[in-house]
Amino acid sequence: MKGQFVTFEGLDGSGKSTHLQTAGGWFRDAGCEVVVTREPGGTPLGRAIRGVFLDTQWERVDGRVETLLIFASRRQHLCEIIEPALDTGRHVLCDRFTDSTLVYQGLGRGVDRGVIEQIDQLATGGRRPDRTLLFDLPPELAQSRGQSLKRAAEPNGIDRLDSEDLAFYERVRDGYLELAAAEPERFAIIDSSGEIADTERQVRQALADLLAGAA
Ligand code: TYD
124 MKGQFVTFEG
134 LDGSGKSTHL
144 QTAGGWFRDA
154 GCEVVVTREP
164 GGTPLGRAIR
174 GVFLDTQWER
184 VDGRVETLLI
194 FASRRQHLCE
204 IIEPALDTGR
214 HVLCDRFTDS
224 TLVYQGLGRG
234 VDRGVIEQID
244 QLATGGRRPD
254 RTLLFDLPPE
264 LAQSRGQSLK
274 RAAEPNGIDR
284 LDSEDLAFYE
294 RVRDGYLELA
304 AAEPERFAII
314 DSSGEIADTE
324 RQVRQALADL
334 LAGAA
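Right under this line is the structure:
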């Protein structure tokens, strides 16, 4: 049986990455082989592209350049990690995928949706996840949570996109909610504005059928 391709999406500071690690643990505890990965990144080449993509020394980078970098990393990730895992029956839990590009480069940076879709066709054939968990919360809250976490982890851990203003993140959040409304069968919206235990309960519910199948 093919594995399921599940993505975790949301603003920086939405808690998606923490919950992704927790969810990976649930699958492993249930005796299921699962691949936990992220974008940009996921492969050695992808990690090198991630370093370039997030480096603050470039300051302003053209939105189409960002899109090309991201899709270069994504194609390698699909070919090297994601599709081979799914083909051998493993589930893949991935931190961000093309929905991030549609909202960050599309609505955040103003890259035309048609341009993103053309590059997407070339790089992935328009591949979409089987399921997407969208961690939703107000951008002000995401920003304060995200930055305090980064400061705790490393004193200078602010990347290039962290320096965007609140209006950028408002466009990104609205864009995510529009994507979810357009494909309700793929998206589960997780309200991540509350306590971590409450968010975790919603994540578990959104993955309950896959976890039951893993047992
Ligand atoms: P991520 O690793 O999720 O950041 P964080 O650890 O801060 O939550 O993603 C890194 C940044 O890359 C994030 O600000 C979003 C951005 N990004 C895009 O702009 N477009 C994309 O397609 C992807 C995958 C990420």
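Mapping the sequence shown onto my numbering, position 64 (from 1) lands on 187, and the numbers just tick up by one. Heads up, the beta-carbon is just placed ideally off N, CA and C, and yes, glycines get one too. As the structure is a prediction and not an experimental result, all values here were calculated from the model.
Span of the beta strand (DSSP E) around residue i
{"i": "Arg254", "result": "Arg254 to Asp259"}
{"i": "Arg151", "result": "Where Arg151 is concerned, there is no enclosing beta strand (DSSP E), although the alpha helix (DSSP H) it sits in stretches over Lys139 to Asp152."}
{"i": "Leu314", "result": "It should be noted that the sequence gives Asp, not Leu, for residue 314. Its beta strand (DSSP E) spans residues Phe310 to Asp314."}
{"i": "Gly231", "result": "Unbroken run through Gly231: none, as it is neither H nor E."}
{"i": "Gly136", "result": "Gly136 -> no beta strand (DSSP E), and no H or E assigned at all."}
C-alpha gap between residue i and residue j, whole angstroms
{"i": "Leu260", "j": "Val215", "result": "25 Å"}
{"i": "Asp235", "j": "Ala320", "result": "38 Å"}
{"i": "Gly186", "j": "Arg251", "result": "21 Å"}
{"i": "Arg219", "j": "Trp181", "result": "23 Å"}
{"i": "Val188", "j": "Thr166", "result": "20 Å"}
{"i": "Ala208", "j": "Gly126", "result": "7 Å"}
{"i": "Arg294", "j": "Gly133", "result": "12 Å"}
{"i": "Gln199", "j": "Phe176", "result": "15 Å"}
{"i": "Ala329", "j": "Leu230", "result": "27 Å"}
{"i": "Thr221", "j": "Thr190", "result": "10 Å"}
{"i": "Leu334", "j": "Arg183", "result": "43 Å"}
{"i": "Leu264", "j": "Asp314", "result": "12 Å"}
{"i": "Phe291", "j": "Trp149", "result": "34 Å"}
{"i": "Asp210", "j": "Leu289", "result": "41 Å"}
{"i": "Gly174", "j": "Ala337", "result": "35 Å"}
{"i": "Gly147", "j": "Asp243", "result": "27 Å"}
{"i": "Glu277", "j": "Thr322", "result": "For Glu277, the predicted model reports a pLDDT of 47, less than 50, meaning its position is unreliable; a value from the coordinates is still stated below. Approximately 25 Å, taken between the alpha carbons."}
{"i": "Ile312", "j": "Ala304", "result": "10 Å"}
{"i": "Val74", "j": "Ala331", "result": "The requested residue 74 is not part of the displayed model; the chain covers only 124 to 338."}
{"i": "Leu245", "j": "Ile193", "result": "13 Å"}
{"i": "Leu272", "j": "Gly164", "result": "In this prediction, Leu272 has a pLDDT of 49, which is less than 50 and means its spatial position is unreliable; nothing more can be read from the coordinates."}
{"i": "Ala238", "j": "Arg254", "result": "The residue you asked about is not Ala; residue 238 is Val in the sequence shown. Whole-angstrom Cα-Cα distance: 24 Å."}
{"i": "Arg398", "j": "Ala153", "result": "No information on residue 398 is available, as it lies outside the stretch 124 to 338 that the chain covers here."}
{"i": "Gly233", "j": "Glu240", "result": "14 Å"}
{"i": "Gln266", "j": "Ser316", "result": "12 Å"}
{"i": "Arg268", "j": "Met124", "result": "39 Å"}
{"i": "Ser196", "j": "Glu162", "result": "8 Å"}
Boundaries (first-last residue) of the alpha helix (DSSP H) holding residue i
{"i": "Phe176", "result": "Pro167 to Leu177"}
{"i": "Arg161", "result": "Run containing Arg161: none in the alpha helix (DSSP H); it sits in the beta strand (DSSP E), Val157 to Arg161."}
{"i": "Asp218", "result": "First-last for Asp218: His214 to Asp218, but that is the beta strand (DSSP E), not the alpha helix (DSSP H)."}
{"i": "Glu323", "result": "Ile319 to Ala329"}
{"i": "Gly237", "result": "Arg236 to Thr247"}
{"i": "Pro293", "result": "Residue identity check: residue 293 is Glu in the sequence provided, not Pro. That run of the alpha helix (DSSP H) goes Leu289 to Ala305."}
{"i": "Asp222", "result": "Thr221 to Thr224"}
Heavy atom of ligand 2 within 8 Å of residue i beta-carbon
{"i": "Thr224", "result": "Of the ligands this structure carries, namely ligand 1, none is ligand 2."}
Touch check for the stretch 190 to 206 and the stretch 144 to 164: three-plus C-beta pairs under 8 Å? Segments in contact, yes.
If contact is defined by three or more beta carbon pairs under 8 Å, each pair taking one atom from either stretch, is the stretch 285 to 298 in contact with the stretch 209 to 228? Result yes; three or more Cβ-Cβ pairs closer than 8 Å.
Is the stretch 136 to 150 touching the stretch 167 to 176, taking contact as three or more C-beta pairs under 8 Å? Verdict: no, contact absent.
What are the complete alpha helix (DSSP H) segments, minimum 4 residues, inside the stretch 184 to 211? The stretch 184 to 211 contains these whole alpha helix (DSSP H) runs: 186 to 200 and 206 to 210.
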